[in-house]
Ligand code: CP
Ligand code: NVA
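In my numbering, the protein residues as written are 690 to 996.
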């Protein structure tokens, strides 16, 4: 594996599948790994809020025998008090890895370039690769395999959508993305996914129709309409995205028993209704649980003993 995990693009098709296997193994036999990262320390830099990411990285490091140190936005004031370069140069003298949640993706790239220790992207405005690993672990658990499934993503063509497309390209999972016009995933991410999946059986459809995206899907995924940092656009987006709500009517276009997926936090009543997120076919809490296992696999790959 590369030194850093900044994007699903850092993984070959083989490494993607190996990481999913390792995540499943760690989930099944957690005790085997209780000392795997003994005395290793992860610094966790957060410039945005979090429940799942902080909890799962911190609990994951403790369960692997290591430690995690939380650095809140007000602590290091990245970018104003000190830039990514100097932060990376300092942290590598004390700890064994860095996890970063920030705004611009370039900040994560700059941090990774500044330091010899691994840097893990725990969400940027461009991508959320740890989420996609947990999501594909969840899909595989519920559907047995990833190949030939149809994953529908409905809503904003955002960071989560980008990482799902790149993961689908590696898993040979077909994907349909339904967004309002003007809110499609970034063309360079679409192109990257198509390039990465050209030999895997991956296919990607982009549409402005939520129904077309959901049609015949094995799983329907959505995310918030306004991501962290877009709070000022919340009302405008609520109007534009209203026809993209995942409700029972939209789910009726998917296959019988299709899974409902969401990275959480969810805004119930906006992008998803209670009846869908609370239905037996909703796997949102499995996704949240798998953040722990998928990230333990990533931590082991990047911070474990190289032998
Ligand atoms: N899904 C996710 O990343 O959740 P948090 O923002 O709570 O970490
Ligand atoms: N797209 C959302 C994901 C939150 C986990 C955001 O960036 O806020």
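From the three backbone atoms N, C-alpha and C, an ideal C-beta is built for every residue, glycine too. Bear in mind that the values here come from a model prediction, so they are computed numbers and not experimental data.
Counterpart residues of residue i in DSSP-defined beta bridges
i: residue 840; result: 864 and 908
i: residue 953; result: Answer is none; residue 953 lacks a bridge partner.
i: residue 767; result: 771
i: residue 694; result: 809
i: residue 948; result: 908
i: residue 895; result: 866
Cut-off 6 Å between Cβ atoms - residues of its own chain near residue i, not counting five sequence neighbours on either side
i: residue 844; result: 911, 912, 933 and 960
i: residue 952; result: 820, 849 and 912
i: residue 979; result: 823, 826 and 827
i: residue 868; result: 846
i: residue 900; result: 942
i: residue 971; result: 949
Residue i, enclosing alpha helix (DSSP H) - first and last residue
i: residue 657; result: Shown here, the chain extends from 690 to 996; a query on residue 657 therefore has no answer.
i: residue 890; result: Careful: residue 890 lies outside any alpha helix (DSSP H) and carries neither H nor E.
i: residue 979; result: 973 to 992
i: residue 900; result: 899 to 903
i: residue 963; result: 963 to 966
i: residue 748; result: 741 to 752
i: residue 721; result: Taken as a continuous stretch (DSSP letters only), residue 721 belongs to no alpha helix (DSSP H), as it is neither H nor E.
i: residue 923; result: 923 to 930
i: residue 707; result: 702 to 717
The beta strand (DSSP E) enclosing residue i, as first and last residue numbers
i: residue 735; result: 730 to 735
i: residue 800; result: It is not in any beta strand (DSSP E) - residue 800 instead sits in the alpha helix (DSSP H) that spans 794 to 803.
i: residue 939; result: That residue, residue 939, is in no beta strand (DSSP E); its alpha helix (DSSP H) goes 937 to 940.
i: residue 669; result: The question about residue 669 has no answer here: the residues shown for the chain are numbered 690 through 996.
i: residue 787; result: 786 to 790
Own chain residues within Cβ distance below 8 Å of residue i, not counting five before or after
i: residue 992; result: 726, 729, 731, 755, 785, 786 and 807
i: residue 758; result: 730, 731, 732, 733 and 784
i: residue 792; result: 736, 737, 813, 814 and 918
i: residue 916; result: 814, 845, 847 and 848
Proximal residues to residue i (C-beta, below 7 Å), its chain only, five neighbours per side dropped
i: residue 690; result: 704, 990 and 991
i: residue 774; result: 799 and 803
i: residue 832; result: 838 and 907
i: residue 816; result: 696, 794, 810, 848, 851 and 852
i: residue 892; result: 863
Are the segment 979 to 990 and the segment 822 to 833 touching by the rule of at least three beta carbon pairs closer than 8 Å? Contact between the segment 979 to 990 and the segment 822 to 833 is present: 3 or more CB-CB pairs across the two stretches fall below 8 Å.
Would you call the segment 738 to 750 and the segment 862 to 872 touching, i.e. three or more CB-CB distances under 8 Å? No: the two stretches stay apart, fewer than three of their Cβ pairs being nearer than 8 Å.
Three CB pairs or more closer than 8 Å across the segment 694 to 713 and the segment 802 to 822: At 8 Å Cβ cutoff, the stretches touch.
Would you be able to state if there are at least three C-beta pairs under 8 Å between the segment 929 to 948 and the segment 897 to 912? yes
Pair every Cβ in the segment 770 to 784 with every Cβ in the segment 793 to 804, then say whether three or more of these pairs are closer than 8 Å. yes
Assess contact between the segment 923 to 937 and the segment 961 to 968, defined as three or more Cβ pairs (one per stretch) separated by less than 8 Å. Is contact present? Yes, since at least three Cβ pairs between the segment 923 to 937 and the segment 961 to 968 fall closer than 8 Å, the two stretches touch.
Stretch-stretch touch, CB-based, cutoff 8 Å, three pairs: the segment 753 to 768 with the segment 707 to 725: yes
Count the C-beta pairs between the segment 706 to 715 and the segment 891 to 898 that are closer than 8 Å, then say yes if the count reaches three, no if not. Contact between the segment 706 to 715 and the segment 891 to 898 is absent: fewer than 3 CB-CB pairs across the two stretches fall below 8 Å.
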